[in-house]
Each structure stands twice: as structure tokens, then as C-alpha cells.
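The structure under discussion appears below in the form of C-alpha cells.
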Amino acid sequence: MTDTVTEYQSAALADGEAEEIQRTAYEELRAEVLDSDHHPEEEQDPDAGAGAGRFVWADPFVLVVDPFNHRKKRSDGEDEDDTTEPNLELIASVEEFGVQTPLLLRPQPDGTLGIIFGQRRNKAAQLAAPARKAAGQPWKVPAIVRDDLADADDDALVLSVVENRHREDASTLDYIEAAQQLALMKGGTRTKRKRQARAMGLTEQELDAAAQASQLDDATLKRGVDRDFDLLELADLETVKEHPDAISELSTARYWDQRSGGADRGRWNHTLQKLRDELTERAKLAQLREQLREAGLTVLDWRSDWTQVAARPVAGLLGSLGKPLDAERHAQDCPGRAVAIDPSGEPVPLCADWKANRHQMPEAPKPVADNSELRQVKAYNAAWRSARTVRHDFIKQICARKGEASSEIWTQILSIISSGCAANTDMMAQFLSAEPKSGRDPRYGRQDPFGDLIARTGKQRRWTILFAQVAAHCERQYMHDGAWRNTIDRAVVQWIEFLAKHCGYTLSEIEEETLETARQQAAEVAAKEAARAAAQAKDDEAELELDGDLTDDEAELDGDLTDEGSSE
Numbered sequence: 001m002t003d004t005v006t007e008y009q010s011a012a013l014a015d016g017e018a019e020e021i022q023r024t025a026y027e028e029l030r031a032e033v034l035d036s037d038h039h040p041e042e043e044q045d046p047d048a049g050a051g052a053g054r055f056v057w058a059d060p061f062v063l064v065v066d067p068f069n070h071r072k073k074r075s076d077g078e079d080e081d082d083t084t085e086p087n088l089e090l091i092a093s094v095e096e097f098g099v100q101t102p103l104l105l106r107p108q109p110d111g112t113l114g115i116i117f118g119q120r121r122n123k124a125a126q127l128a129a130p131a132r133k134a135a136g137q138p139w140k141v142p143a144i145v146r147d148d149l150a151d152a153d154d155d156a157l158v159l160s161v162v163e164n165r166h167r168e169d170a171s172t173l174d175y176i177e178a179a180q181q182l183a184l185m186k187g188g189t190r191t192k193r194k195r196q197a198r199a200m201g202l203t204e205q206e207l208d209a210a211a212q213a214s215q216l217d218d219a220t221l222k223r224g225v226d227r228d229f230d231l232l233e234l235a236d237l238e239t240v241k242e243h244p245d246a247i248s249e250l251s252t253a254r255y256w257d258q259r260s261g262g263a264d265r266g267r268w269n270h271t272l273q274k275l276r277d278e279l280t281e282r283a284k285l286a287q288l289r290e291q292l293r294e295a296g297l298t299v300l301d302w303r304s305d306w307t308q309v310a311a312r313p314v315a316g317l318l319g320s321l322g323k324p325l326d327a328e329r330h331a332q333d334c335p336g337r338a339v340a341i342d343p344s345g346e347p348v349p350l351c352a353d354w355k356a357n358r359h360q361m362p363e364a365p366k367p368v369a370d371n372s373e374l375r376q377v378k379a380y381n382a383a384w385r386s387a388r389t390v391r392h393d394f395i396k397q398i399c400a401r402k403g404e405a406s407s408e409i410w411t412q413i414l415s416i417i418s419s420g421c422a423a424n425t426d427m428m429a430q431f432l433s434a435e436p437k438s439g440r441d442p443r444y445g446r447q448d449p450f451g452d453l454i455a456r457t458g459k460q461r462r463w464t465i466l467f468a469q470v471a472a473h474c475e476r477q478y479m480h481d482g483a484w485r486n487t488i489d490r491a492v493v494q495w496i497e498f499l500a501k502h503c504g505y506t507l508s509e510i511e512e513e514t515l516e517t518a519r520q521q522a523a524e525v526a527a528k529e530a531a532r533a534a535a536q537a538k539d540d541e542a543e544l545e546l547d548g549d550l551t552d553d554e555a556e557l558d559g560d561l562t563d564e565g566s567s568e
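The sequence shown: position 116 = 116 (the numbering used here), numbered continuously.
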């Protein structure tokens, strides 16, 4: 195409129309897509273009759509509208007034100009061109050419996304697709990435989350978007996408977070960790099953009732001489050797067909051991460890907070430290996201492990180091795996309640149940104390009555003696 000024452009320049168009274009681009607002506090990106461009009048029939123009027709729904096509209102407007808002173009490798944004306006101009030509009206489109973007695919993509950001049909999928493309582009600086995220109205974390969410398969991604999962939530979903109940359980957690006003996504975080732990456990079981198969064993599904199948646990069978089968000997000699993994994750030796292999059944078959209590303990221990992971992440967030500590946090710090708080360097380092000094004194252990961190921590935030010490003490001293069992330690209750009431921590189900158990135990102790006190009071009252009766008897006896003396 040519940049030669047409007769229409000359006429437009004469009456100031072209000047107005150019001024409008520059203002719009600066405000919406060029990100030209200056941020002196940020590092300047050396490869950022000037963003000025040059104004041209372009033939709409020779322009092409840039490969990184983000407005495209989706193929994930037959009934979905094609947002690349102009609607009737836009076509009518262009037929009447022409294209009023400039397109943004950049040079293509073949010498053509590609549309970064404005393809709907360009298509409308193509449709309106015959009528405008017939009426002797100008039919070319105003455009800004960005030569500096010729080799900047990432910036072209971001500009296209930003232009479409305020469309009614813009969606989470737009950002995910853009983030996926940006993630594949190499060589961008961190400052440039921050600028790109800010231009799209996202944080760096959200842009990273969008790139991770793009790894979801189309069906799962669509289900997540239909549930209104945001970019961060979709990225979380990607980490547990193999779990069959992931979307339903996360949706429930999201509902309760929204209902309770939980801005920290507390229930979401607990549910997410539970799903991750369950996937880890399933992977371990799958690995165990594979190891058993490699050992030459047939692996059968676990049954709570074995009476309806040919297989039986070896522990309930007798050998040919009527003696209980030895599991080790059975595994060596019997062709029916097999195994099943019980709900607690333990392998149980089986005979795949006890009759065919000539084993005997005792007259009173031995019932399969009831491991329900053991399974419950394992399940609760797993839930407690899952909650611990989320709780530790929350403590790290507290230690990363800016500003001064609340009075409640200071009270907790001073109360625990003054009670003899023991330091735990490794866990402190975890909470502070710091690396302690590794040097050790053979007599005292690490010397000043956080000296460097203390030196560079401002006065207002030095409380975080003390809080990390307090948290490490409480977590290591009280919150062990068995903390939920038997008599609940008062320190466990105080620590969990402190995090919930004064720090905004959302309790998991196991933590809520532990507090409820502690309350019941406290009520039982109080009831026993009250009963004991009542019994003691009753005994005291009976003793007083007895003392009163004895006093009356003594008085009566004294009176009788006095009467006898008088009669003599």
C-alpha cells in the first residue's frame, strides 16, 4: 500500500477533520493501550517503544489481520457469536460517518500492514465502501502505524488484549490465551512483564496464574470459567485437575468463603490442600499396586465382604492339615497368591480362589479384622497434617505483613516468650522465607542465625521475627499429629483461637472439630467439678447438722445433770 495523501486527506486537513482524528487517536491510545503514563519509581524498560506511531489513511481492502490480534472467533461453541464480525449498528455508523476511531497497525514481514486492533471497524469499512464510493464519500480508514512494534510480538499482543478489555464479550479466556502466548515468548524483562500485566489490568501474579490455567484441557477450563473461577482459582484448579471431585469441592469452598466474607480464601485453601493430599495418597497407592504387580502378585480390589467371591484373606483360611495358613508360606507355594489394599493403605494377603487351591474354611470363619478405628485415626491425622500446611502458609503471610503489629499480636508474642519460648531455627526460617546462617557453635548451636535479616528489617516490622519464633514454638511444641486426640491441650486451643480471632485465619473442619471437642471436654470437667463441689457442700451441710445435733444433746445432758444436782 502507499502512504500518499489522498484527495480526501487533503480536504480533511483543510477543514481540520484529520487533525481532530489524529488528536483523538493519540489521546485514546495513550489513555487505553499505549501505557504511556510515566512511573518514575519503576525501572525503565530499555526495549519499550516510544509508542507515538505515524498517522496514515489506509485502504481497508489491503490490510491484513496481525497474527497476534487477540480478537478471534472461538471454536469452543457452535452457537457462540463471532466477535470478529461488525454488528449492524457499527456498519450503519460507518456507512453514515466513516470510521471515526483509528486502527492500530504494524508492519508485517511481507511488507503489508497488519491490524493489531480495529479489525471490526476495518470489516465495517469494507462493507460500507461501495455505498460511500457511490455517494462520492471518503472510504479509507484512519490508522496509526507502529513501526517500533514490527518485531515486538508480545507488545502487539498486549495492545490487542487491552483494546478488547472493555468489550462486553471479553472474558477470562482472553487473558488465559494471551498469557499462554506471552509465556512462550522469550527474552522479556521482568519490568516489561510488569508493564504488560498492568496494561491488561492484571497483577503479575494473575498473569502468571493465567499462563498456568492455560494448561487445563478445554473441557475443564470451560467448567471452571462457567463456575466464575478467577485466574488465581483456575491456576489452583490446574494443580488438582486429576481429582474427579476438584471442581465441585472447590466450588463449594468458594461459596462458603463468599458467604462468610472470607477475602483470604480460607476454605478454598483448606479444600485445595485436601485435594492435593488425596492426589498424593492416590499416587502412593498406585505406586504400591505397581510394586506388588512387579513382585508377581495379583492385585484385587478391596472388599468389606469376601463371602460373595472366590478370594479370601489368607488370615482366615486353613491349610490341608487344618492348621491356619502361614502368609509367607502361602505366598511362596500357592498359585493363587494375591493381595488387596485395605482402606488404611495396608496390603492384605489373599488367596484368589481358596476352594480351587484346596484350602479349608474353619467351621466358624474368622471375621475380617475391623480396622475402622485405625482408619479413622489415619484419616484424622491426614486431615490434621493438611490443615497444618495451610496454617503454616498463613503464618508466612502474617510474617510478610507490612507495618506495626496489632496489640493482640504483641500480647501473644510477649505472653509466650515470657513463658519460656524455645527457638526453632528451621521453622522460623520457613515462616520468614529466609535462609539462616549455617555456622554452628558446638556448645550452643547456631549463633545469631537471623542477624542479617534483623539488620535489614525496619523497626516497624521487627515484630515479625519475634512472631515467627512464637509460631515456630507453638507449632512444634503443641500442634503435633496427635494434638487432636484424647484430652486436647489448652495450649492447642489458645493458639488456634488466637490465629482465628486476631489474625483472620479460617479454621479447617478438623480444627473446628478439635475446638468443639475441647469445649466438650472443658464442659465435662466443669460439670464434674460442679458435682464434686455440690457433693462436698452436701457433706459439709450434713456435718454441720450433725455438729448441731451433738451440741443439742450435750446441752440436754448438761441440763439433766444440773437438775439431778438440784434435787439432791
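Note that CB positions come from ideal geometry on N, CA and C, so glycine has one too. Since the model is a prediction, treat every value here as computed from it, not as a measurement.
Chain-order list of residues whose beta-carbon lies under 6 Å from that of residue i (same chain, five-residue window excluded)
i, result
"residue 443", "The predicted model places residue 443 with a pLDDT of 42, which falls under 50 and marks its position as unreliable, so this point remains unresolved."
"residue 386", "273, 274 and 277"
"residue 32", "A caution first: residue 32 carries a pLDDT of 39, below 50, which makes its placement in the model too unreliable to give a value."
"residue 234", "213 and 224"
"residue 360", "318"
"residue 502", "408"
"residue 468", "399, 428, 431 and 432"
"residue 38", "With a pLDDT of 32 at residue 38, under the threshold of 50, the predicted position of this residue should be treated as unreliable, and no value is reported."
"residue 23", "Reliability fails at residue 23, whose pLDDT of 42 lies under 50, so the model's placement of it is uncertain and the value that follows must be treated cautiously. Excluding residues within five positions, none has a Cβ falling inside 6 Å."
"residue 306", "312"
Contact check, residue i vs residue j, beta carbons under 9 Å
i, j, result
"residue 470", "residue 421", "yes"
"residue 404", "residue 463", "yes"
"residue 482", "residue 381", "yes"
"residue 310", "residue 352", "yes"
"residue 480", "residue 430", "no"
"residue 88", "residue 143", "no"
"residue 107", "residue 118", "no"
"residue 241", "residue 217", "yes"
"residue 331", "residue 300", "no"
"residue 413", "residue 453", "no"
"residue 124", "residue 91", "yes"
"residue 251", "residue 227", "yes"
"residue 490", "residue 526", "no"
"residue 347", "residue 288", "yes"
"residue 264", "residue 394", "yes"
"residue 402", "residue 456", "no"
"residue 58", "residue 113", "yes"
"residue 98", "residue 138", "yes"
"residue 150", "residue 94", "no"
Assumed close pair residue i, residue j - CB separation to whole angstroms, cut-off 8 Å
i, j, result
"residue 60", "residue 141", "5 Å"
"residue 268", "residue 254", "6 Å"
"residue 437", "residue 451", "7 Å"
"residue 122", "residue 115", "6 Å"
"residue 297", "residue 246", "With a Cβ gap of about 32 Å, residue 297 and residue 246 do not count as contacting."
"residue 324", "residue 349", "Not quite, the Cβ-Cβ distance comes to about 12 Å (not below 8 Å), so this is no contact."
"residue 485", "residue 427", "Between residue 427 and residue 485 the Cβ distance is about 22 Å, and since that is not below 8 Å, they are no contact."
"residue 343", "residue 302", "7 Å"
"residue 511", "residue 496", "6 Å"
Residues that DSSP places opposite residue i in a beta bridge
i, result
"residue 338", "298 and 350"
"residue 360", "318"
"residue 58", "141"
"residue 312", "351"
"residue 324", "318"
"residue 64", "114"
Close beta carbons around residue i, own chain, < 8 Å, minus the five adjacent residues each side
i, result
"residue 270", "253, 386, 387, 390, 506, 508 and 509"
"residue 416", "470, 473 and 474"
"residue 284", "345"
"residue 147", "53, 54, 106 and 107"
"residue 521", "487 and 488"
"residue 77", "With a pLDDT of only 46 at residue 77, under the threshold of 50, the placement of this residue in the model should not be trusted; the figure read from the coordinates follows. Closer than 8 Å at Cβ, skipping near neighbours: no residue."
"residue 136", "none"
"residue 376", "none"
Beta-carbon proximity list for residue i, same chain, < 7 Å, skipping 5 on both sides
i, result
"residue 239", "276"
"residue 397", "none"
Short CB-CB distance (under 9 Å) between residue i and chain C
i, result
"residue 463", "Looking for chain C here will not work: only one protein chain is present."
Which full runs of the alpha helix (DSSP H) of 4+ residues lie inside the stretch 210-282, going along the chain? Runs of the alpha helix (DSSP H) inside the stretch 210-282: 218-226, 231-239 and 246-260.
*What are the start and end residues of each continuous alpha helix (DSSP H) run of 4 or more residues lying completely inside the stretch 408-487, in chain order?*
The qualifying runs are 425-432, 451-456 and 463-477.
* Going along the chain, which unbroken runs of the alpha helix (DSSP H) with 4 or more residues stay wholly within the stretch 70-144? -> Fully enclosed alpha helix (DSSP H) runs of 4 or longer: 88-97 and 119-134.
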